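Asks: One structure, as structure tokens, below. Some questions next.
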Amino acid sequence: MTHSSTVLIVEDEENLADLFGIWLQEQFEVHVAYSGEDALEIFAEEPIDIVLLDRRMPGLSGTEVLQSIREGGDDQQVIMITAVQPTEDLASIDVDDYLLKPIDRTKLLRAVEAAELVLTYEDSLTELLSLTARKATLEANLDKTELEKDERYRGLLQRIRELEEEADTTLQRLETDYQIDMLVRDQRIGSQPVEQF
723 MTHSSTVLIV
733 EDEENLADLF
743 GIWLQEQFEV
753 HVAYSGEDAL
763 EIFAEEPIDI
773 VLLDRRMPGL
783 SGTEVLQSIR
793 EGGDDQQVIM
803 ITAVQPTEDL
813 ASIDVDDYLL
823 KPIDRTKLLR
833 AVEAAELVLT
843 YEDSLTELLS
853 LTARKATLEA
863 NLDKTELEKD
873 ERYRGLLQRI
883 RELEEEADTT
893 LQRLETDYQI
903 DMLVRDQRIG
913 SQPVEQF
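Quick note: the sequence shown uses my numbering, first residue 723, plus one each step.
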């Protein structure tokens, strides 16, 4: 599988940050920041898809970095990595996953792969919604018999079918491979997705 996601590792323990980088660099493009300030500089210069974020750092904390990222309005997946046991305040922290240290290579890779899959799903869903709206507009305003003769319309229908299959496959992988089912259930019933922890 070809990976195109870019991962930013934000961790003040340099040896640990470098180790995470080594674990991920075979599958992802990796940037490493040893402080919150460095992380925001990289963020301003590079397109980042997934952030691995240490919660407690001297200077700019992980929570402050998270707030800056979210204020930017992009849809990065943020995985908080910390030695701090979660408490009720986690319910109000806008992260997509929360990993407790110590963490091994397998667990880290699975978390980042799942985050990448969620991003893929979101992109496909956005395209699917756009094409479905286009299809509805065409069908409401043009003769269906004439439409069905049009190669562009048939191509649109084919792409919609492909995206529906792709979305179903991705949902199944998130459920079976990564046990991410809260997000999936909520999107199926059309409500707002619940953040996964």
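Beta carbons are placed, not taken as given, at the ideal position from N, Cα and C, and that holds for glycine. These figures come from a predicted structure and were not determined experimentally.
Give every residue of the same chain whose Cβ lies closer than 8 angstroms to the Cβ of Gly794, excluding the five residues on either side of it in the sequence, and list them in chain order.
Replies: Cβ neighbours of Gly794 beyond the five flanking positions: Phe765.
Asks: CB Tyr820 to CB Thr892, shorter than 7 angstroms?
Replies: No, Cβ-Cβ distance for Tyr820 and Thr892 is not below 7 angstroms.
Asks: Whole beta strand (DSSP E) runs in the region 823 to 896 with 3 or more residues, listed along the chain?
Replies: Listed in chain order, there is nothing to give.
Asks: Which same chain residues, not among the five before or five after Glu751, have their C-beta less than 6 angstroms away from its C-beta?
Replies: Result list for Glu751: Thr728, in chain order.
Asks: Using 7 angstroms as the threshold, is the C-beta distance between Leu853 and Arg881 below it?
Replies: In this structure, Arg881 lies closer than 7 angstroms to Leu853 by Cβ.
Asks: Taking just the CA atoms, how far does Leu879 sit from Ala889?
Replies: About 15 angstroms.
Asks: With a Cβ-Cβ cutoff of 7 angstroms, do Leu772 and Val834 count as a contact?
Replies: A small correction: the amino acid at residue 772 is Ile; Leu does not occupy that position in the sequence shown. Yes, Cβ-Cβ distance for Ile772 and Val834 is below 7 angstroms.
Asks: Which residues mark the beginning and the end of the alpha helix (DSSP H) in which Gln789 is found?
Replies: Counting along the chain, the alpha helix (DSSP H) containing Gln789 begins and ends at Gly784 to Glu793.
Asks: Might you give, ordered along the chain, the residues of its own chain that have their beta carbon closer than 7 angstroms to the beta carbon of Ser790, omitting 5 neighbours on each side?
Replies: Excluding positions up to five away in sequence, the list reads Leu762.
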